[in-house]
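Residue numbers (UniProt numbering): 1 to 259.
All residues carry an ideal CB built from backbone N, CA and C; glycine is no exception.
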Amino acid sequence: MKTIDIRTVDVVQYIQPLREGGSMPAIVKADDDFLYVLKFRGSGQGKKSLIAEFIGGELARAIGLKVPELVFMNLEDSFRQTEPDEEIQDLLKFSVGLNLGLHFLSGAITFDPLASKADALTASKIVVLDSLISNIDRTAKNANLLYWHNEVWVIDNGASFYFHHNWDTWENHLSRTFPFIKDHVLLAQATALPEAAQEIKALLKEQTVSDIISKIPEDWLTNESDMLNVAEKRAAYRQFITTKLAMMDVLVKEAEDAR
1 MKTIDIRTVD
11 VVQYIQPLRE
21 GGSMPAIVKA
31 DDDFLYVLKF
41 RGSGQGKKSL
51 IAEFIGGELA
61 RAIGLKVPEL
71 VFMNLEDSFR
81 QTEPDEEIQD
91 LLKFSVGLNL
101 GLHFLSGAIT
111 FDPLASKADA
121 LTASKIVVLD
131 SLISNIDRTA
141 KNANLLYWHN
151 EVWVIDNGAS
161 FYFHHNWDTW
171 ENHLSRTFPF
181 IKDHVLLAQA
191 TALPEAAQEI
201 KALLKEQTVS
211 DIISKIPEDW
221 LTNESDMLNV
231 AEKRAAYRQF
241 ITTKLAMMDV
251 LVKEAEDAR
């Protein structure tokens, strides 16, 4: 099995904020001369949104979906000192350290379900994956998908795994289905759900899931106010994903009924 290799780069230039989303990511340049969309650890949902973004993105890649390269991005404090906007100053101040970047797809457009089309298997894979990771933010109002070179690209998985916002009750989510799938932007195009589920089962082996979880930076998992330590959180993410994979047939039926 091929293990994932996540590069770490340094931010060398803050170019512009992207004010469409509530977390206000930014386009930045890194020391490898590429442009990235930087997701900040200092944003509203903090490091947990970066964890969800990372796990969701790498799971999507593992099942053959198009995902921009994800990198870990070091941000120094120097950028805050030259930023005139106070809101961005604060965001940069609280984001010093390791953040998450997505390779910037120049010329990509936001996926429009009325104008853009996803093939049945791709749409079905995205629907099944979002059900597995409890992604509540892939709706017609906010697709969180891009259309680039006539293909659908998966971005913005930060609203997934919402159980981790309250570790006291996270185990209650293990047996739950995902009724929010009824609002999924691609549900109407997802006409190959059983085939997608079969392919995902074949590709998402336990070792693949463990490998992805193991790459989460320890710093992102460290929070003194949480009842679980770093190792326990990694185990919780693994257990959540493997439990959802085991109940795939139930999740697929729920999605099919919603269609």
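{"Check": "Whether ILE63 touches GLU199 by CB criterion (8 angstroms)", "Outcome": "yes"}
{"Check": "Touch test, the region 115-127 against the region 183-190, Cβ-Cβ under 8 angstroms, three pairs minimum", "Outcome": "yes"}
{"Check": "Secondary structure of ILE213, DSSP reduced to three states", "Outcome": "helix"}
{"Check": "Same chain only: Cβ atoms within 8 angstroms of SER23, ignoring 5 sequence neighbours per side", "Outcome": "LYS39, PHE40, SER43, GLY44, GLN45, SER49, GLY158"}
{"Check": "For LEU187, three-class secondary structure by DSSP", "Outcome": "helix"}
{"Check": "Straight-line Cα distance separating ASP85 from SER78", "Outcome": "14 angstroms"}
{"Check": "Within 8 angstroms, strictly: CB atoms of TRP148 and ALA108", "Outcome": "yes"}
{"Check": "Residues that LYS148 bridges to, as DSSP identifies them", "Outcome": "The identity of residue 148 in the sequence shown is Trp, whereas the question assumes Lys. BP columns for TRP148 point to GLU151."}
{"Check": "Buried versus exposed call for GLU87 [16 or more other C-beta atoms within 10 Å across all chains shown]", "Outcome": "exposed"}
{"Check": "Of the residues VAL67, ALA202, GLU206, ASP156, the one placed nearest ARG138, counting alpha carbons only", "Outcome": "ASP156"}
{"Check": "Rounded separation between THR243 and SER175 - CA only", "Outcome": "8 angstroms"}
{"Check": "Beta-carbon contacts of LYS215 that lie in its chain and below 7 angstroms, excluding the five residues immediately before and after", "Outcome": "ILE4, ILE6"}
{"Check": "Endpoints, the beta strand (DSSP E) within which GLY64 is located", "Outcome": "Premise fails: GLY64 is in no beta strand (DSSP E) and is neither H nor E."}
{"Check": "Neighbour-count burial assignment, VAL28, 16 or more Cβ in a 10 Å radius", "Outcome": "buried"}
{"Check": "Helix, strand or coil at ASN99 according to DSSP, with G and I counted as helix", "Outcome": "strand"}
{"Check": "Closest residue to VAL11 among PHE178, ALA115, LEU35, ALA231 (Cα-Cα distance)", "Outcome": "LEU35"}
{"Check": "Closer than 8 angstroms to chain B by CB, LYS48", "Outcome": "No chain B is present in this structure, which holds just one protein chain."}
{"Check": "Contact belief for ILE181 with ALA258 at Cβ below 8 angstroms, rounded distance in angstroms", "Outcome": "6 angstroms"}
{"Check": "Close beta carbons around LEU228, own chain, < 7 angstroms, minus the five adjacent residues each side", "Outcome": "TRP167, ALA236"}
{"Check": "4-residue-minimum alpha helix (DSSP H) runs that sit fully inside the region 105-171, ordered along the chain", "Outcome": "120-132"}
{"Check": "Residue span of the alpha helix (DSSP H) that contains VAL221, given as start and end", "Outcome": "For the record, residue 221 in the displayed sequence is Leu; it is not Val. Element bounds for LEU221: 218-221."}
{"Check": "Exposure label - HIS164; buried when at least 16 CB within 10 Å", "Outcome": "buried"}
{"Check": "Exposure label - LYS47; buried when at least 16 CB within 10 Å", "Outcome": "buried"}
{"Check": "GLU58, buried or exposed, once every other Cβ within 10 Å from all chains shown has been counted against 16", "Outcome": "buried"}
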